[in-house]
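Chemist: Heads up: the sequence shown begins at 155 in this note's numbering, then just goes up one per residue. Don't be surprised by glycine CBs; every beta carbon is placed ideally from N, CA and C. Everything numeric in this text was worked out from a predicted model, so none of it was measured.
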Amino acid sequence: MKHIAILGATGSIGTQALEMVQAFPEEFAVEVLTARHNADLLIQQSLHFKPNAVVIEEENLYRKVADALQPHDIKVFAGSQSIVDIVEMSSIDMVLVAVSGYAGLRPTYNALQHDKPIALANKETLVVGGSVITRLAAERHLPILPVDSEHSAIFQCLQGELHNPVEKLILTASGGPFLGRKKEDLQNIRPADALKHPNWKMGSKVTIDSATLMNKGLEMMEAHWLFQVPVEDIEVVVHPQSIVHSMVEFSDHSVKAQLGVPDMRLPIVYALSYPYRLPNRLQSLSFKEWHTLTFQEPDEETFRCLPIAYEVMRKGGNAPCCMNAANEVAVAAFLQEKISFLQIPELIEKVLAKASFIAQPEMGDFVRSDKESRMIATEIIQQLSL
155 MKHIAILGAT
165 GSIGTQALEM
175 VQAFPEEFAV
185 EVLTARHNAD
195 LLIQQSLHFK
205 PNAVVIEEEN
215 LYRKVADALQ
225 PHDIKVFAGS
235 QSIVDIVEMS
245 SIDMVLVAVS
255 GYAGLRPTYN
265 ALQHDKPIAL
275 ANKETLVVGG
285 SVITRLAAER
295 HLPILPVDSE
305 HSAIFQCLQG
315 ELHNPVEKLI
325 LTASGGPFLG
335 RKKEDLQNIR
345 PADALKHPNW
355 KMGSKVTIDS
365 ATLMNKGLEM
375 MEAHWLFQVP
385 VEDIEVVVHP
395 QSIVHSMVEF
405 SDHSVKAQLG
415 VPDMRLPIVY
425 ALSYPYRLPN
435 RLQSLSFKEW
445 HTLTFQEPDE
455 ETFRCLPIAY
465 EVMRKGGNAP
475 CCMNAANEVA
485 VAAFLQEKIS
495 FLQIPELIEK
505 VLAKASFIAQ
515 PEMGDFVRSD
525 KESRMIATEI
535 IQQLSL
């Protein structure tokens with residue numbers, strides 16, 4: 155029995171992870187659940203799965219959650235620091251980091267400091283602090299098991315290939331809802347349009363990132379740190395069917411691919427159960443149905459977030475942290491219709507031009523860089539609205 159802490163239990167990954175926990179009651183137990191502000195769903199989940207403790211990040215919701223769970227002997231905490239601290243519990247066997255954005259960095263770091271294996275569904279943790287996080291995991295001899303479908307695919311392709319040099323990692327992208335469109339077609343895009351992903355059901359932040367192709371930029375950065383492959387050896391290809399989840403080319407030019415229907419529950423349960431595969435009732439891949447698979451180059455002229463991410467990763471230091479902060483602010487502003495879809499990469503570039511550069515950052519530098527970049531981005535947005 156593996157006792158799991160699920161950070162971000164009420165989000166898309168968290169709810170699907172709980173489906174898998176429920177499907178395998180002899181394999182997994184829920185030890186901790188956390189949520190940002192969805193108190194009602196957190197209460198519902200807690201009453202069903204009976205965790206040892208829960209955390210609601212928004213402190214004004216503490217009393218609501220505490221009153222509902224007090225008769226059931228479930229400990230309740232509140233605040234972002236409590237999410238960082240809760241991973242220290244000795245009864246936790248694995249931490250699934252499924253919170254959105256920069257918020258995943260500090261609890262992941264603390265979990266590793268307290269010898270907890272990580273199932274990572276938060277790419278921003280490695281985008282922002284990849285050097286620090288991977289170094290700490292190596293020092294502690296702890297695994298970081300990828301949950302993103304692309305990184306899970308690469309991880310699976312690398313099994314049994316320990317001594318074989320990798321030539322290239324190939325990340326597949328669906329292309330999002332605007333595949334094939336040019337800049338002139340994207341002038342009047344509204345949030346509702348960008349949230350219509352053709353293949354995946356995801357949270358709003360990652361869905362917008364998919365539409366801008368920033369999601370592939372973030373995944374490229376995550377792949378670099380997870381698999382220690384140089385940036386120039388990580389390629390992105392557009393694969394609209396989302397059946398091939400990613401590929402690895404080896405030094406003999408053989409290519410291994412991992413295929414499956416687009417269902418996040420597959421990589422989730424693989425990460426939770428690794429190194430074992432658990433038989434399940436999820437949909438199997440039918441090649442009679444998916445008889446055509448296509449691939450094409452991404453349109454980097456229209457979707458500029460992807461080349462921005464490559465430039466930032468080559469620069470290194472705290473630049474990815476600054477880019478990530480700017481992107482989070484930009485996506486939030488777009489969702490609130492304060493900026494246009496095409497202004498997202500423009501805002502990111504303006505923040506990168508103004509933010510302080512640190513060549514060899516540590517944890518404290520990431521915190522300061524994130525704060526500074528958000529302030530710069532917010533000021534630019536305010537100026538645009540004047």
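1. Specify the secondary structure class of serine 303 as computed by DSSP and reduced to three states.
2. Straight-line CA distance for histidine 407 to glutamate 500?
3. Buried or exposed for serine 244, please, with buried defined as at least 16 other CB atoms from any protein chain shown within 10 angstroms of its CB.
4. What is the residue span of the alpha helix (DSSP H) that methionine 375 lies within?
5. Whose C-alpha, out of Asp269, Leu340 and Asp387, is nearest the C-alpha of leucine 325?
6. Please classify serine 405: is it buried, with 16 or more other beta-carbons within 10 angstroms of its beta-carbon, or exposed?
7. On the three-pair Cβ rule with 8 Å, is the segment 280 to 297 touching the segment 372 to 379?
8. Entirely within the segment 297 to 351 and at least 3 residues each: give me those beta strand (DSSP E) ranges in chain order.
9. State the Cα-Cα distance for the pair glutamine 514 and tyrosine 263, rounded to the nearest angstrom.
10. Could you pull the start and end residues of the beta strand (DSSP E) that glutamine 412 belongs to?
11. Can you tell me which of the three DSSP states glutamate 491 falls into?
12. Let me confirm a value: asparagine 276 is counted as buried when at least 16 other C-beta atoms fall within 10 Å, else exposed. Which label applies?
13. Taking the alpha-carbon positions, what's the isoleucine 237 to proline 261 distance?
14. On the premise that histidine 393 lies in contact with alanine 327, defined as a C-beta separation below 8 Å, what is that separation, rounded to the nearest angstrom?
15. So the beta strand (DSSP E) valine 209 belongs to, where does it begin and stop?
16. Applying the 10 Å Cβ sphere with the 16-neighbour rule, what's the burial state of histidine 191?
17. Starting from histidine 202, trace the beta strand (DSSP E) in both directions and tell me its first and last residue.
18. So, are the CB atoms of serine 494 and alanine 509 less than 8 Å apart?
19. Could I get the ranges of all uninterrupted alpha helix (DSSP H) runs contained in the segment 459 to 523, with 4 residues as the minimum, in chain order?
20. Could you say if the segment 282 to 300 and the segment 358 to 368 meet the contact criterion of at least three C-beta pairs nearer than 8 Å?
21. Comparing C-alpha positions only, which one of Glu211, His399 and Gly470 sits nearest to leucine 447?
22. For the segment 233 to 294, which segments carrying the beta strand (DSSP E) assignment without a break, of at least 3 residues, lie completely within its bounds, in sequence order?
23. Applying the criterion that 16 or more other CB atoms from any shown protein chain within 10 Å of the CB defines a buried residue, is serine 440 buried or exposed?
24. Using a Cβ-Cβ cutoff of less than 8 Å, which residues in the same chain neighbour arginine 126 once the five nearest sequence positions on both sides are dropped?
Modeler: This is what the structure holds:
1. In the structure shown, the three-state DSSP call for serine 303 is helix.
2. Cα-Cα distance, rounded: 38 Å.
3. By the neighbour-count rule (16 or more Cβ atoms within 10 Å), serine 244 is not buried but exposed.
4. From DSSP, the alpha helix (DSSP H) with methionine 375 extends over 368 to 381.
5. Nearest Cα to leucine 325 within the set Asp269, Leu340 and Asp387: Asp387.
6. Of the other Cβ atoms in all chains shown, fewer than 16 fall within 10 Å of the Cβ of serine 405; this residue is therefore exposed.
7. Result yes; three or more Cβ-Cβ pairs closer than 8 Å.
8. Runs of the beta strand (DSSP E) inside the segment 297 to 351: 298 to 300 and 320 to 327.
9. Cα to Cα, glutamine 514 sits roughly 18 Å from tyrosine 263.
10. Looking at the DSSP string, the run of the beta strand (DSSP E) that includes glutamine 412 is 409 to 413.
11. Looking at glutamate 491 - three-state DSSP - the assignment turns out to be coil, as it is neither helix nor strand.
12. With 16 or more Cβ atoms within 10 Å of its Cβ, asparagine 276 is classed as buried.
13. Distance between isoleucine 237 and proline 261, taken at the CA atoms: about 7 Å.
14. That pair is a contact at about 7 Å.
15. In the DSSP assignment, valine 209 falls within the unbroken beta strand (DSSP E) covering 207 to 210.
16. That one is exposed.
17. Counting along the chain, histidine 202 sits inside no beta strand (DSSP E); it lies in the alpha helix (DSSP H) bounded by residues 193 to 203.
18. Taking 8 Å as the cut-off, the Cβ atoms of serine 494 and alanine 509 do not count as close.
19. For the segment 459 to 523, whole alpha helix (DSSP H) runs of length 4 or above, ordered along the chain, are 459 to 469, 473 to 489 and 497 to 508.
20. No: fewer than three Cβ pairs fall under 8 Å.
21. Nearest C-alpha to leucine 447: His399.
22. Taken in chain order, the unbroken stretches of beta strand (DSSP E) that lie wholly in the segment 233 to 294 and span 3 residues or more are 248 to 251 and 272 to 274.
23. Under this definition serine 440 is an exposed residue.
24. This structure gives no information on residue 126, because the portion of the chain shown stretches from 155 to 540.
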